[in-house]
Structures are given as C-alpha cells and as structure tokens.
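J.:
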Amino acid sequence: MSSDDEGEQLSFGLFGDLLDEMHQDISDQPTLATRRATQKEFDVLCKLIGGFEKWSVLNEDCRREVVKNMDYWTRSRLGTCSKADHETVNTTPIKVHSIEVQDNESHYVLSPEDFDNVLVRVQFHHDFNSGKRFELVFSQLGEDTQIRWVKYMGRADVRSLILKNCNYYEEATKFAEKWMKRCNFEIAVLKVEMSQYPMASSIIKFLPCCKDLRIAADDLDAFRWWLQKVPEQLDSLQLLTHEQERNTLTLPGDFVGLPQIMTVPSLYFWCRAAFSDEQFLELKAKSMSFNAVNITDNGINQFLKNWINGKGVPGFSRALLWSRRQADKPVLIRGFEVRQWEGDFEREA
Numbered sequence: 001m002s003s004d005d006e007g008e009q010l011s012f013g014l015f016g017d018l019l020d021e022m023h024q025d026i027s028d029q030p031t032l033a034t035r036r037a038t039q040k041e042f043d044v045l046c047k048l049i050g051g052f053e054k055w056s057v058l059n060e061d062c063r064r065e066v067v068k069n070m071d072y073w074t075r076s077r078l079g080t081c082s083k084a085d086h087e088t089v090n091t092t093p094i095k096v097h098s099i100e101v102q103d104n105e106s107h108y109v110l111s112p113e114d115f116d117n118v119l120v121r122v123q124f125h126h127d128f129n130s131g132k133r134f135e136l137v138f139s140q141l142g143e144d145t146q147i148r149w150v151k152y153m154g155r156a157d158v159r160s161l162i163l164k165n166c167n168y169y170e171e172a173t174k175f176a177e178k179w180m181k182r183c184n185f186e187i188a189v190l191k192v193e194m195s196q197y198p199m200a201s202s203i204i205k206f207l208p209c210c211k212d213l214r215i216a217a218d219d220l221d222a223f224r225w226w227l228q229k230v231p232e233q234l235d236s237l238q239l240l241t242h243e244q245e246r247n248t249l250t251l252p253g254d255f256v257g258l259p260q261i262m263t264v265p266s267l268y269f270w271c272r273a274a275f276s277d278e279q280f281l282e283l284k285a286k287s288m289s290f291n292a293v294n295i296t297d298n299g300i301n302q303f304l305k306n307w308i309n310g311k312g313v314p315g316f317s318r319a320l321l322w323s324r325r326q327a328d329k330p331v332l333i334r335g336f337e338v339r340q341w342e343g344d345f346e347r348e349a
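Residue numbers for the sequence shown follow full-length UniProt numbering, beginning at 1 and rising by one.
1. In terms of alpha-carbon separation, which member of TYR72, VAL96 and ASP103 lies closest to VAL89?
2. Would you tell me roughly how many angstroms separate the C-alpha atoms of LEU10 and VAL230, rounded to the nearest one?
3. Where does LYS151 sit, in a helix, a strand or coil, going by DSSP?
4. HIS23 to SER201, Cα distance in whole Å?
5. In the DSSP assignment, the alpha helix (DSSP H) including LEU119 goes from what residue to what residue?
6. From the DSSP output, read off the bridge partner residues of MET288.
7. Just to confirm the assignment, what range does the beta strand (DSSP E) spanning PHE206 have?
8. Taking the DSSP output, what are the residues bridged to ALA273?
9. Run through the region 157-195 for me and flag every whole alpha helix (DSSP H) of 4 or more residues, listed as ranges in chain order.
10. Identify, in the order they occur along the chain, each residue of the same chain with its Cβ nearer than 7 Å to the Cβ of LEU110, setting aside the five sequence neighbours on each side.
11. For ALA222, name the three-state secondary structure that DSSP assigns.
12. Which residue comes first and which comes last in the beta strand (DSSP E) that contains ASP103?
13. Using the Cα positions of TRP307 and VAL189, report the straight-line distance between them to the nearest angstrom.
14. Across the region 117-130 and the region 213-223, are there enough close Cβ pairs to call them in contact, namely three or more that are closer than 8 Å?
15. So who's on the other strand from GLU135, going by DSSP bridges?
16. Going by DSSP, what residues sit across from ARG214 in a beta bridge?
17. Report the CB separation of GLY310 from PHE280 in whole angstroms; it is logged as a contact under 8 Å.
18. Beta-carbon separation of GLU41 and ARG77 under 8 Å?
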C-alpha cells in the first residue's frame, strides 16, 4: 500500500477506531468500518436525535444538518446503521474546532531523549479539558514513518503504527491537512509551528472560519502565505520566530498594514514590527505585544492621549512595546499629570 493510500485509510477508516480507543479498549472487537451497530448504540443515537420515525423521509440536506451537529463518535455509529446513513455521514464535514501542527516538541513519555518529530493535535470541542481530541507524534524510522500516540489505562501505554517508505514531515502535514479537508476547512483555531512547512504541496486554499491563528516560522514569506489563507477579520493573531531573540526578523510596513493585523483585537509578535506612528494609532487591538522599530515617542504620547480622552479602542487593556532604544520620557508624558506609582497612589488604586 502506498503512503497516500495508507494515509487516507488512517484519516478516515482506521483512525475512526483509534478515536474510539479513547473511550474503550476495542482491540478485540470488530472495527466501526466492518461491524453493525449494537442495539445499545442504536438506542443512544435514537435518543440523541429524538427518534427515527421521520428519519427515513428526511431529505439529504436535513439529514446532513443533523449529522453536522453530532460529535465524532455519534456520527461514526450512525454510519454503521445502513448504506444510506454511511453515505450521509461520509459526505458531511466533521465538526473540528482546532488543529495544531508542531515540530520537535519534547515527548518524554515516548523517549527521554529529544528526537525529530511532528506533533499533530486535532481537537473537536472548544474546551481542551473535554478530552475530545487526539494527538499523534510522527517521526522517522529508517525509510519509514512511525506514528505514535499514548493511551492512558492507569499508566501510559504507547501505541504505534508504521507507514512504509515515506518522510515523517510530509506525512504529518498531509495528515493534518486531510483533517482540515474532512471538516471542509472550517476550523476556528489553527496553530502551526514548523520551520519548513511544505507550502508548495499544500491543499489549503482558504480557511473561512478561522478566527484564532498562531504561526511560528522563520521568514516573511511563510507569514504572508498563512495570512492569505484566513479572513481579514480575526479574533487573535500570533506570529513568532523560532529564535530566542526578538530581533532576528522584521515585519515591514506593508506587511503590518494588512487587514488581518490592523483589525485584530489581540495581537502578539515575537519579532520586530515596523509599524509607523500612523499605523500604530489605527490599530484595533485591545491587547498587543511586539518589538517596536519605527514608533516614536510622539506616537506613543498621542496613543496615550487618545486612550485618556476616550478616543482609543473600546476595551483596550494592554500595549507592550519592546524596544532597545532609550525613550525620551518628557516627550512620552507631555501634557499629562504624572504621579509616581508607590505608597498612597497604590493604595488609592
């Protein structure tokens, strides 16, 4: 079996059973893809959707709307009820909340030593603590790709499978993108922290529902590529480099002027950003943090005046501007009554 065929099976066939393992040990049971639904599973599903009396007469659009709002495990069981139900489930996008792809994370349960790897996390519910998610770790094993995940049964039990003759980095990103495709690319949160994301072979065209984007990369082209894939209005944007220092990359003025940056309520850059004073004053962020390059003390003074006079962004809470230059304090506080933050002032506040 080729890696492409095997990857497709992993995403939509075999991995249905791996997801099921999160709730019960089914190693000795038939798979969801081959067995019939049990009466108990049928009863649970019937209770969830209010009965099947009218199910058979619903048109396909109505059936898909019902399936669209089911969790993964419920829809998997519906798909075993009949050929028509299987077709409905198979053609209805899965509801996925977030997808994360990160390279070279530490996984001490798998190995006490660091090793090259890519973590793929798919989360079905907005609450991380709901447990409705899975995490796979891809790594190279000779000419093959090893995929591992951890099942907790009183202790950590490491499960694994092998994809033959393929590169782990490519297989991890293909797997993540297949899950994006399976949910019709309608994820709310995307986090990608990879040094060399394979953009040339990506199947991502647009992520219409993405509101929270976190990208770690080492060049401007990668950041620009990702911002082209998301709507202009985001809720949160984080752009980071893999370096420990903030000053290794500068986002130029034309880039920081993009709508995804200028209009986002929460903005965080782990790098330099060449906002002009005019751009800085037009930002819609309620919370922002970045290494400021071109913003002047006069610009900051005007920003503070806008905030004090009620002309700033409603709900503004924080602006953290990192800089290596010495600020001109008299210019910063020009026009303000200033009190030292100590003693009586602290108690008054």
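Just so it is clear, CB atoms sit at the ideal spot from N, CA and C, and this is done for glycine as well.
T.: According to the structure shown:
1. TYR72
2. The predicted position of LEU10 is uncertain, since its pLDDT is 38 and thus under 50; a value taken from the coordinates is nonetheless stated next. Taking the straight line from one Cα to the other gives about 27 Å.
3. strand
4. With a pLDDT of 38 at HIS23, under the threshold of 50, the predicted position of this residue should be treated as unreliable, and no value is reported.
5. Counting along the chain, LEU119 falls outside any alpha helix (DSSP H), though it belongs to the beta strand (DSSP E) covering 118-123.
6. LEU267 and ALA319
7. First-last for PHE206: undefined, no H or E at that position.
8. According to DSSP, which records beta bridges pairwise, ALA273 is partnered with LEU251 and ALA292.
9. Within the region 157-195, the complete alpha helix (DSSP H) runs of at least 4 residues fall at 168-182.
10. VAL137, ARG148 and VAL158
11. helix
12. 98-103
13. 30 Å
14. The answer is no - the region 213-223 does not touch the region 117-130, with fewer than three Cβ pairs under 8 Å.
15. In the DSSP output, where bridge partners are listed per residue, GLU135 has ARG121.
16. LYS191 and GLN238
17. At roughly 18 Å, the Cβ-Cβ gap does not stay under 8 Å, so GLY310 and PHE280 are not in contact.
18. yes
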